[in-house]
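If you use the working numbering, the sequence shown corresponds to residues 1384 to 1517, in order.
Just so you know, even glycine gets a beta-carbon here, dropped at the ideal spot from N, CA and C.
For clarity, every value in this text was computed on a predicted model and none was experimentally measured.
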Amino acid sequence: MVSEYEKIKLLLKNKNNNNNNKEDLARLRKAIPTFECTPGCHDCCGPVTTSAEEMSRLPYKTDTEHEAALDEYNCVHLGPKGCTVYEERPLICRLFGTTPKMPCPNDRRPDEMIDVKVEGQIHHYIRNTRQVLV
């Protein structure tokens, strides 16, 4: 049986982890190099997982919208002209094209690829946060 003290300690730990997640997310987003995508391309846009923290930044979509997107193997935020949440897109989406492990199918890339250490930190963040299917 868990004592009230342990419950409070756990709540505080989770609260601190959420704050750390926000800080980690902001730091990692800044560390990912950017590049120009091919206009209208959505070759790397499919269903992906994202952290609950990142999901909270995205517009709400209904279960029906999610199911329709999944039926087409698309992301629910993919619109007729590409990503509708580009500025808020999840880390995994930002990583596409910035590392040889996830190349852009159109050979686009930043001038300098992502630092290997930062890429490892992103994968660590993804492994250690609750992930939701987008």
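Output needed for residue i: all residues of its chain with C-beta closer than 7 Å, excluding positions within five of it in sequence on either side, in chain order.
| i | result |
| --- | --- |
| Thr1417 | Pro1493 |
| Gln1504 | Leu1411 |
| Lys1444 | Val1459 |
In whole angstroms, give me the CA-to-CA distance for residue i and residue j.
| i | j | result |
| --- | --- | --- |
| His1460 | Leu1516 | 12 Å |
| Val1499 | Asp1490 | 19 Å |
| Leu1441 | Glu1471 | 7 Å |
| Asn1403 | Thr1433 | 16 Å |
| Cys1427 | Pro1488 | 8 Å |
| Cys1466 | His1425 | 7 Å |
| Glu1419 | Val1501 | 20 Å |
| Lys1405 | Tyr1469 | 19 Å |
| Thr1421 | Arg1513 | 31 Å |
| Lys1413 | Pro1486 | 20 Å |
Helix, strand or coil for residue i, going by three-state DSSP, please let me know.
| i | result |
| --- | --- |
| Val1517 | coil |
| Glu1502 | helix |
| Thr1482 | coil |
| Thr1432 | strand |
| Cys1487 | coil |
Less than 8 Å between C-beta atoms, sequence neighbours within five positions excluded: which residues of the same chain meet that for residue i?
| i | result |
| --- | --- |
| Met1496 | Pro1416, Thr1481, Thr1482 and Pro1483 |
| Leu1408 | Ser1434, Glu1436, Glu1437, Leu1474 and Tyr1508 |
| Gly1429 | Tyr1456, Asn1457 and Cys1458 |
Leaving out the 5 sequence neighbours to the left and right, which residues in its chain are closer than 6 Å to residue i when beta-carbon positions are compared?
| i | result |
| --- | --- |
| Arg1477 | Ile1415 |
Does the contact criterion of 3 or more C-beta pairs under 8 Å hold for the segment 1443–1455 versus the segment 1475–1482? no
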